[in-house]
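Read the structure below first, then the notes.
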Amino acid sequence: MPAASPALPPPLASRSLYASALGLTVAVAGGAAIGLPLGGGAGLALLGAAVLLTGMPHGAVDHLVARQLFAWRGARGAALFYGGYLALAALYGLGWWIWPPGALAFFLLMAVYHFGQADLAYRAPRSRAGRVVLYLSRGLFVVGSPLGARPEAVAPVVDALAGVALPAAVPAWWPAACVATLATQHALVLAALTHRTETPGRREWVTVSVLALLFWAAPPLAAFATYFGLWHALGHVLVLTRFFRAARGDASDTEAAPVTVGAFYRHAALYTLVPLGGLAALLLARPGAFAANTAEALAALFVLISVLTLPHMLLVERLYRHERHRFAQAGTPLPPEDEEEGSLSRSSSWFTANDGGSLEG
Numbered sequence: 284m285p286a287a288s289p290a291l292p293p294p295l296a297s298r299s300l301y302a303s304a305l306g307l308t309v310a311v312a313g314g315a316a317i318g319l320p321l322g323g324g325a326g327l328a329l330l331g332a333a334v335l336l337t338g339m340p341h342g343a344v345d346h347l348v349a350r351q352l353f354a355w356r357g358a359r360g361a362a363l364f365y366g367g368y369l370a371l372a373a374l375y376g377l378g379w380w381i382w383p384p385g386a387l388a389f390f391l392l393m394a395v396y397h398f399g400q401a402d403l404a405y406r407a408p409r410s411r412a413g414r415v416v417l418y419l420s421r422g423l424f425v426v427g428s429p430l431g432a433r434p435e436a437v438a439p440v441v442d443a444l445a446g447v448a449l450p451a452a453v454p455a456w457w458p459a460a461c462v463a464t465l466a467t468q469h470a471l472v473l474a475a476l477t478h479r480t481e482t483p484g485r486r487e488w489v490t491v492s493v494l495a496l497l498f499w500a501a502p503p504l505a506a507f508a509t510y511f512g513l514w515h516a517l518g519h520v521l522v523l524t525r526f527f528r529a530a531r532g533d534a535s536d537t538e539a540a541p542v543t544v545g546a547f548y549r550h551a552a553l554y555t556l557v558p559l560g561g562l563a564a565l566l567l568a569r570p571g572a573f574a575a576n577t578a579e580a581l582a583a584l585f586v587l588i589s590v591l592t593l594p595h596m597l598l599v600e601r602l603y604r605h606e607r608h609r610f611a612q613a614g615t616p617l618p619p620e621d622e623e624e625g626s627l628s629r630s631s632s633w634f635t636a637n638d639g640g641s642l643e644g
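The working numbering puts the first residue of the sequence shown at 284, with every later residue one more than the last.
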């Protein structure tokens, strides 16, 4: 039997935020199921909102995470971080130029592991092998379902990215069968590898069921945008605010570190705008071509996301290693959670609220 992991809180630890994410996900899935047009322009709008509101911001304080994890200060530390970060991004960008199919395969593998880790680090077994299997299983479900259920819908983007041809049509039963297969493998792995963890399992069974509904009902772009924005990126924002609060031990000093969501967004503003500005410049440089070919524009966006994902993913791996060690220490308390429920219900904007949340799901 796998040994239990230290009891990290789930990304969406707040009951109210978790319920909101479930509700919005069900709304998107339900809207698609009754025939609302969530493909095309609506899907692009959802993706744009996800990238702008949580997608780019969730990795935009990586420099602060690295400074905290590695305790670097001054020009030398900054040079090491930014130099390494940009070198990895540039190296991967070169890979896209030299061998697009290989770069795409590497991106998908990165996404599978990274999304799985972000979702389930709080329920992971202690063994490295167990964690990898669990993360890959979850990532295969959340990445493979929107891609595999409707390959004809994502084929133009995949072709623009790497010149890889996907099936132009699938049988009517295929989307449901694909999502059901990927959800079932994940349910089996989840049950096998997390049955001795101390955190309650009800949350994950609900989450997997709702995400399966989303991936079956919604067009791929809308489904991915909903998962990426509400579950992955927002969850990481909240994980980081807890990390910085625990590191500082003083949640009142919101200007010095991103210990609240509002402070997080203030710190993330610059490095959110820089890559988005670069993408905008690229699109403006070829406005006619991108306007005429949405797949080309989406391909440019995903290449940008991919080159930023590589250094971000490596840093997140180190972050979770640090957090497992911290929570494994005898007598280490969970992050502050006393104000979370009340502040979310009282505030008109969750951007000013602290998240710490209940561990019960």
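Yeah, the Cβ is synthetic: ideal placement off N, Cα and C, and Gly gets one too.
Going by C-alpha distance, which of V309, A516, A451, L335 is nearest P294? Among V309, A516, A451, L335, the Cα nearest to that of P294 belongs to A516.
C-alpha distance - H595 paired with D345, whole-angstrom precision: Cα to Cα, the separation comes out at about 7 Å.
Alpha carbon to alpha carbon, how far is G360 from F325? Give it in angstroms, no decimals. The residue asked about is misnamed: residue 325 is Ala in this sequence, not Phe. In this model, A325 and G360 are separated by some 43 Å (Cα to Cα).
Under a three-way DSSP split, which group does P294 fall into? Note: P294 maps to coil in three-state DSSP.
Could you check whether the Cβ of A407 sits closer than 8 Å to any Cβ belonging to chain B? No chain B appears in this structure, which consists of one protein chain only.
Assuming A582 and V440 form a contact by the criterion Cβ under 8 Å, report the distance between their Cβ atoms to the nearest whole angstrom. With 8 Å as the limit, A582 and V440 qualify as a contact, their Cβ atoms being about 6 Å apart.
Would you check whether the ligand FAD has a heavy atom nearer than 7 Å to the C-beta of G484? You won't find the ligand FAD in this model; it holds no ligand whatsoever.
Cutoff 6 Å; reference A500; Cβ partners in own chain excluding five residues on either side: By the criterion of a C-beta distance shorter than 6 Å, A500 is surrounded in its chain by A312, A315, A316, once the five residues flanking it on both sides are discounted.
For the structure I just gave you, are there three or more beta carbon pairs, one from the region 376-396 and one from the region 441-450, closer than 8 Å? With a cut-off of 8 Å, the region 441-450 and the region 376-396 count as touching, because enough Cβ pairs lie within range.
Let's see if you can read the secondary structure: which residues bound the alpha helix (DSSP H) around L335? For L335, there is no enclosing alpha helix (DSSP H), since its DSSP letter is neither H nor E.
Cβ contact check for the region 353-369 and the region 546-557: 3 or more pairs under 8 Å: No contact exists between the region 353-369 and the region 546-557.
Please classify G366: is it buried, with 16 or more other beta-carbons within 10 angstroms of its beta-carbon, or exposed? Exposed, since its Cβ has fewer than 16 Cβ neighbours within 10 Å.
Considering only the alpha carbon of each residue, which of G512, A546, F507 lies closest to T524? T524 has its Cα closest to that of A546, out of G512, A546, F507.
Going by beta-carbon coordinates alone, are A506 and L497 separated by less than 8 Å? At the C-beta level, A506 and L497 come within 8 Å of one another.
Buried or exposed: which applies to P483, given that a residue is buried once 16 or more other Cβ atoms fall within 10 Å of its Cβ? Reliability of the predicted coordinates at P483 is poor, the pLDDT of 47 falling under 50, and the value obtained from them is presented with this limitation in mind. P483 comes out exposed.
Could you spell out where the alpha helix (DSSP H) holding I317 opens and where it closes? From DSSP, I317 is part of no alpha helix (DSSP H); its letter is neither H nor E.
Please tell me whether L347 and P558 are closer than 8 Å, where the distance is taken between their beta carbons. Their beta carbons are not under 8 Å apart, which means L347 does not touch P558 by this criterion.
Since T308 contacts L513 with CB under 8 Å, what's their CB separation in whole angstroms? Going by Cβ atoms, the distance from T308 to L513 rounds to 6 Å, so yes, they are a contact pair.
So what's S303 in DSSP terms, helix, strand or just coil? If DSSP states are grouped into helix, strand and coil, S303 belongs with the helices.
Under 8 Å, do S589 and Y375 count as touching if we go by C-beta distance? Yes, these two residues count as a Cβ contact at 8 Å.
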